[in-house]
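The listed protein sequences correspond, in order, to chains A and B. Be aware that the first sequence starts at 529, since it is given in our numbering, and climbs by one per residue. Be aware that the second sequence starts at 61, since it is given in our numbering, and climbs by one per residue.
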Amino acid sequence: MRAFFEKIGYETLSFLESYGRLGLFLARTIRSLLTSAFKFRPVLSQVHFIGARSTFVILFTGLFTGMVLGLQGYYTLRKFGSEGFLGSAVALSLIRELGPVLTALMVIGRAGSAICAEIGIMRNSEQIDALECMAIDPFRYLISPKLLAGIIALPLLTAFFDVIGIFGGYLVGVGLFGINAGTYFQGMYTSVVWADIEMGLVKSLVFGLLLVWITACKGFYLHLERSGGFGAEGVSRTTTDAVVLSSVSVLVWDYLISALMM
Amino acid sequence: MMETMNSQAQDKSSVVIELTGVKKRFGRQMVLRGVDLVVHEGRTLVIVGASGQGKSVIIKHMLGLIRPDRGTVKVFGRDLQRLKRRELNEIRSSFGVLFQNAALFDSMSAYDNVALPLRERTHLSEDEIHDKVMEKLALMGVEKSAEKFPAQLSGGMRKRVGLARALILDPKVVFFDEPTTGLDVHKSNELYRLFYRTQQQLGYTAVIVSHDVPKIFKLADEVALLAEGQVQGCMSPEDFQMSQQPMIRAFVEETMGHLYLSVEEEANFYA
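In structure tokens, the structure reads:
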């Protein structure tokens, strides 16, 4: 019986500790952003890493997502004789939901895992301690450019995803099934309103923050992981945890933002 | 009496770092059980002890990277636990650290590693930074490897670049965490010579954690033995080697005893 309560206490403390750490990490990063001079170059370099280097994978994924939406949407809408709404269906699905979510998941897989591993290795090899000993704030030098870059890059990548996805739907709907091109775009023009774009934008901004926040925090506090964060195995385990946690968080926040903005 | 009081006052004024009753536990393991240690200005303190005794943990306390569970760590008379981050950074500006594996930033060249503290902590122009960095790299004899990345450097060269980075802001106190680990005898001697030369030039206080007994004694003004979570004694290298304190005696015999063994005893020692 005592062991049971000990286990509950241990898990509760562990939960509070790791989420408290996440909160403090974000607070320290935001404070460093607000209190230190803005440096353009590190942010630009991180936008290049998180954003520009993810462009190909985003375009590729966006194209095929749009094509699948076109294919599935066409067969579903045909049952109701509403093929003309294919453009609206593809655009709304992409702009409100699939664009921000799939972009975030792809960027977590490509850049988020790299952020966690990079910072984790820096922690293991005492590079973060070295920064602190040189009186260089690691939050200002290392984390805040990444956070800012995530918030800048995600909306841009999401926009690319949406545009190429709509083009993918066009290829299938117009090219394959012979829907009129004017009908495809006119349906989209009339049904997509500013509120839809706003929802996609808010989601991509939040996801940009989430993915850098969680992956960077996991790497930064690698040495405090209860399961043991040392060595190559520790880095790989923590990176996997970071990718899973940030992906799940994206889906949870997707629901919350949708519910709030509907 | 008056002389003693003056000497004590002078001694107190030259204290750079003072640890009093420092206790630290990691999980269930009690690493430090009340460490008292004093580092005097301009002197070299060497901390020795078996592996896993918490020697590096002491250095991390001095650097403010770890907070003690109990006790105080004072640097330049200021309690590190009571300082705000900005004040702690002011104190750290007068520190230089050579980490065990040099802790160079692996995505930067040797030049950029050494230039980093100048770029982040000073308002010098790139030309001025270049002059200072090249001067320090030349002092360490690695100026030709300035554009190489840490992965392209040998262990000894990495340590030299790490030392150049540690000394770039002309620190008052320099910490060396196992500086010769992984180096051969020749490279270790080179690093000790560099240490000796730079300390003569810059006059910094040094705290060294090392296993390299008895060679490291030649550089030390004071030697402290850490065992069972406490400092068992802190004294001159000569007194340390002659000490009758049981733990120090055992350490000296364990680490240096084989130097004085007969052929027969040596055969048994390695058996």
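Virtual Cβ for every residue (Gly too), placed ideally from N, Cα, C.
- If only uninterrupted alpha helix (DSSP H) runs of at least 4 residues are considered, those enclosed by the segment 721 to 775 of chain A are 722 to 748.
- Distance from the Cα of A565(A) is smallest, within the candidate group P673(A), Y749(A), A619(A), for P673(A).
- Assignment of G137(B) by DSSP, reduced to helix, strand and coil, places it in the coil class.
- Counted as a single uninterrupted DSSP element, the beta strand (DSSP E) harbouring V108(B) occupies residues 104 to 108.
- Around the beta carbon of E611(A), 16 or more other beta carbons sit within 10 angstroms, so the residue counts as buried.
- Under the criterion of beta carbons closer than 8 Å, S153(B) and L229(B) qualify as touching, at roughly 7 Å.
- Under the three-state reduction of DSSP output, K607(A) falls in the helix class.
- Taking a beta-carbon distance threshold of 9 Å, A663(A) counts as an interface residue toward chain B.
- In this structure, the alpha-carbon of L675(A) lies about 13 Å from that of I647(A).
- Using a Cβ-Cβ cut-off of 8 Å, E654(A) is close to F159, Q160, N161, A163 of chain B, given in chain order.
- Annotated as proximal: F748(A) and P666(A), with beta-carbon spacing under 9 Å.
- Leaving aside the five residues that flank L587(A) on each side, the residues in its chain whose CB is nearer than 7 Å to its CB run, in chain order, F688, I692.
- At a cut-off of 9 Å between beta carbons, F255(B) makes no contact with chain A.
- Per DSSP, the continuous alpha helix (DSSP H) segment holding F311(B) begins and ends at 306 to 316.
- Close to D657(A), with beta-carbon spacing below 9 Å, are these residues of chain B in chain order: K120, L123, L125, V157, F159, A163.
- E147(B) and S270(B) have their C-alpha atoms roughly 30 Å apart.
- Straight across, the Cα-Cα distance linking G759(A) with S111(B) is about 19 Å.
- A direct Cα-to-Cα measurement between A280(B) and E195(B) gives close to 27 Å.
- A direct Cα-to-Cα measurement between S167(B) and R638(A) gives close to 19 Å.
- In the DSSP annotation of this structure, the continuous segment of the alpha helix (DSSP H) that includes T540(A) starts and ends at 530 to 563.
- Note on geometry: alpha-carbon atoms of L125(B) and D657(A) lie some 7 Å from one another.
- Q89(B): not part of any alpha helix (DSSP H); member of the beta strand (DSSP E) spanning 89 to 100, first to last residue.
- Taken in chain order, the complete alpha helix (DSSP H) segments of 4 residues or longer contained in the segment 189 to 246 of chain B are 215 to 227.
- Within the same chain, Cβ atoms closer than 7 Å to the Cβ of R218(B) are found at A162, L164, P210, the five residues on either side in sequence being excluded.
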